[in-house]
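Here is the structure we will look at, set down as structure tokens.
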Amino acid sequence: SAVISQKPSRDICQRGTSLTIQCQVDSQVTMMFWYRQQPGQSLTLIATANQGSEATYESGFVIDKFPISRPNLTFSTLTVSNMSPEDSSIYLCSVEGRQTHNTEAFFGQGTRLTVV
Amino acid sequence: EDQVTQSPEALRLQEGESSSLNCSYTVSGLRGLFWYRQDPGKGPEFLFTLYSAGEEKEKERLKATLTKKESFLHITAPKPEDSATYLCAVDVRRWNNDMRFGAGTRLTVKP
Chain A
1 SAVISQKPSR DICQRGTSLT IQCQVDSQVT MMFWYRQQPG QSLTLIATAN
51 QGSEATYESG FVIDKFPISR PNLTFSTLTV SNMSPEDSSI YLCSVEGRQT
101 HNTEAFFGQG TRLTVV
Chain B
1 EDQVTQSPEA LRLQEGESSS LNCSYTVSGL RGLFWYRQDP GKGPEFLFTL
51 YSAGEEKEKE RLKATLTKKE SFLHITAPKP EDSATYLCAV DVRRWNNDMR
101 FGAGTRLTVK P
């Protein structure tokens with residue numbers, strides 16, 4: 001299994017500002033994933049971050065709004081830019097347990113973001 | 001379109017009252033079905049992976065089963081500490097990661 005540290009655990013931000021969320025993994029992983037979990041809803045994949053290449057974004061998410069960095073095999077950041085109250089959500093970092101197909105995912109504890 | 005539907009949305013049980021949670025899916029090319037437990041303020045915690053119809057996995061009071069269209073998470077004699085949201089996800093893996101999550105079942109077990 002992988003141990004994932006995510007910070008901050010929560011934050012309250014003013015609209016129009018940006019927040020960068022950090023994700024640190026205790027082992028080297030090829031792919032890291034960023035999810036959003038809106039209140040009472042399921043997890044939605046925002047993007048996949050591979051080290052050494054641009055992140056791959058899912059439909060409905062764009063790089064200008066959610067820029068991602070992946071400087072090495074154990075670390076990634078997600079920035080929520082120009083925030084609005086609709087961005088209030090839990091943001092989760094995830095990695096796979098093994099770097100092969102059909103693997104379970106491991107999650108950080110999440111960042112609870114409230115935009116006021 | 002790939003869909004994952006969990007029911008019920010919420011379930012309240014008395015301690016010791018066994019029940020089942022349902023996860024139905026319509027996907028093409030299922031490569032695995034996962035159950036997670038999520039406590040408030042925490043990320044999902046992995047419970048089980050099921051790969052083929054007929055497969056079963058057990059862990060303490062939990063047992064997961066899989067058919068071609070749905071999965072059940074059976075909870076036998078639950079305790080208050082089993083209270084959590086249980087998430088189901090399917091891996092359709094067309095690209096790097098193609099996980100589809102259900103909205104979850106919020107389980108409350110009263111003493």
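Chains as they are written, first to last, in the working numbering: chain A, 1 to 116; chain B, 1 to 111. Note that CB positions come from ideal geometry on N, CA and C, so glycine has one too. Small disclaimer: the values here were computed from a predicted structure and weren't measured.
Out of B:L47, B:E58, B:F72, point me to the one whose CA is closest to S1 of chain A's CA. If you number the first sequence from 1, residue 1 of chain A lands on position 1. Looking at the Cα atoms, B:L47 is the closest of the given residues.
Cα separation between L50 of chain B and V90 of chain B? The residue you call residue 50 of chain B lines up with position 50 of the second sequence. The residue you call residue 90 of chain B lines up with position 90 of the second sequence. Taking the straight line from one Cα to the other gives about 10 angstroms.
Going by Cα to Cα distance, which pick from B:L66, B:P111, B:L62 is closest to R31 of chain B? As a first step, residue 31 of chain B is located in the second sequence; it is residue number 31 there, counting from the start. By alpha-carbon distance to R31 of chain B, the top candidate from B:L66, B:P111, B:L62 is B:L66.
Are Q37 of chain A and L43 of chain A closer than 7 angstroms when you measure CB to CB? For the purposes of this step, residue 37 of chain A is identified with residue 37 of the first sequence, where counting begins at 1. For the purposes of this step, residue 43 of chain A is identified with residue 43 of the first sequence, where counting begins at 1. Closer than 7 angstroms, so yes.
Uninterrupted beta strand (DSSP E) stretches inside the region 5–50 of chain B (no shorter than 3 residues): DSSP runs (the beta strand (DSSP E)) wholly in the region 5–50 of chain B: 10–14, 19–26, 32–38, 45–50.
Just the C-alpha distance for Q99 of chain A and Q22 of chain A, rounded to the nearest angstrom, thanks. Counting from one through the first sequence, the residue named residue 99 of chain A turns up at place 99. Counting from one through the first sequence, the residue named residue 22 of chain A turns up at place 22. In this predicted model, Q99 of chain A has a pLDDT of only 47, less than 50, meaning its place in the structure is not dependable enough to derive any value.
Quick check: the Cα distance between T26 of chain B and Q109 of chain A, rounded to an integer number of angstroms? Residue 26 of chain B sits at position 26 when you count from the first residue of the second sequence. Residue 109 of chain A sits at position 109 when you count from the first residue of the first sequence. Those two C-alpha atoms are separated by around 29 angstroms.
Taking C-beta pairs closer than 9 angstroms, name the residues in chain A that A103 of chain B reaches, listed in chain order. Within the second sequence, residue 103 of chain B is the residue found at index 103, counting from 1. Per Cβ cutoff of 9 angstroms: G40, Q41, S42.
Quick check on P85 of chain A: does DSSP put it in helix, strand or coil? Residue mapping note: residue 85 of chain A aligns to position 85 of the first sequence, counting from 1. Three-state DSSP puts P85 of chain A in a helix.
Can a CB atom of chain A be found closer than 7 angstroms to the CB of F46 of chain B? Taking the first residue of the second sequence as position 1, residue 46 of chain B is located at position 46. Cβ-Cβ to chain A under 7 angstroms: yes for F46 of chain B.
I'd like to know whether the C-beta atoms of T74 of chain A and V25 of chain A end up nearer to each other than 7 angstroms. Taking the first sequence and counting its residues from 1, one reaches residue 74 of chain A at position 74. Taking the first sequence and counting its residues from 1, one reaches residue 25 of chain A at position 25. Between T74 of chain A and V25 of chain A, the gap from beta carbon to beta carbon is short of 7 angstroms.
Interface flag, E104 of chain A vs chain B, CB-CB below 7 angstroms: By 1-based counting over the first sequence, the position of residue 104 of chain A is 104. At least one beta carbon of chain B lies nearer than 7 angstroms to the beta carbon of E104 of chain A.
Do you know how far the Cα of P111 of chain B is from the Cα of R100 of chain B? Your numbering for residue 100 of chain B matches position 100 in the second sequence. Your numbering for residue 111 of chain B matches position 111 in the second sequence. Each residue's alpha carbon lies about 33 angstroms from the other.
Determine the closest residue to E70 of chain B out of B:L21, B:A10, B:E1, with distance taken between C-alpha atoms. Your numbering for residue 70 of chain B matches position 70 in the second sequence. Answer by Cα proximity: B:L21.
What's the gap between the Cα of I33 of chain A and the Cα of R12 of chain B? One-based indexing of the first sequence puts residue 33 of chain A at position 33. One-based indexing of the second sequence puts residue 12 of chain B at position 12. The question names Ile, but residue 33 of chain A is Phe in the sequence shown. Cα atoms of F33 of chain A and R12 of chain B: separation of roughly 33 angstroms, rounded to the nearest angstrom.
Mapping the DSSP letters down to three states, classify D26 of chain A as helix, strand or coil. As a position in the first sequence, residue 26 of chain A is number 26, starting the count at 1. In the three-state reduction of the DSSP assignment, D26 of chain A falls in the coil class, being assigned neither a helical nor a strand state.
Assigned secondary structure, P71 of chain A (DSSP; H/G/I helix, E/B strand, else coil): For the purposes of this step, residue 71 of chain A is taken as the residue at position 71 of the first sequence. DSSP places P71 of chain A within a strand segment (E or B) once states are collapsed to three.
Among A:L92, A:F107, A:R70, which residue has its Cα nearest to the Cα of T30 of chain A? Stepping through the first sequence from its first residue, residue 30 of chain A is reached at position 30. Of A:L92, A:F107, A:R70, the residue nearest in Cα terms is A:R70.
For the beta strand (DSSP E) that S1 of chain A lies in, which residues bound it at each end? Position 1 of the first sequence, counted from the start, is the residue given in the question as residue 1 of chain A. Counted as a single uninterrupted DSSP element, the stretch harbouring S1 of chain A is not any beta strand (DSSP E), since DSSP gives it neither H nor E.
Would you say G54 of chain B faces chain A, with C-beta separation under 7 angstroms as the test? By 1-based counting over the second sequence, the position of residue 54 of chain B is 54. Answer no: the Cβ-Cβ gap between G54 of chain B and chain A never drops below 7 angstroms.
Find the residues of chain A that neighbour G43 of chain B, judging by a C-beta separation of less than 7 angstroms, and give them in chain order. Taking the first residue of the second sequence as position 1, residue 43 of chain B is located at position 43. Among the residues of chain A, those whose CB is under 7 angstroms from the CB of G43 of chain B are L92, F107, G108, Q109, G110, following chain order.
Which value, in whole angstroms, describes the spacing of the CA atoms of S7 of chain B and C88 of chain B? One-based indexing of the second sequence puts residue 7 of chain B at position 7. One-based indexing of the second sequence puts residue 88 of chain B at position 88. Near 10 angstroms, if we compare the C-alpha coordinates of C88 of chain B and S7 of chain B.
Among the candidates B:S28, B:K63, B:Y86, B:K68, whose CA atom is the shortest distance from the CA of A77 of chain B? As a working mapping, residue 77 of chain B is identified with position 77 in the second sequence. Among B:S28, B:K63, B:Y86, B:K68, the Cα nearest to that of A77 of chain B belongs to B:K63.
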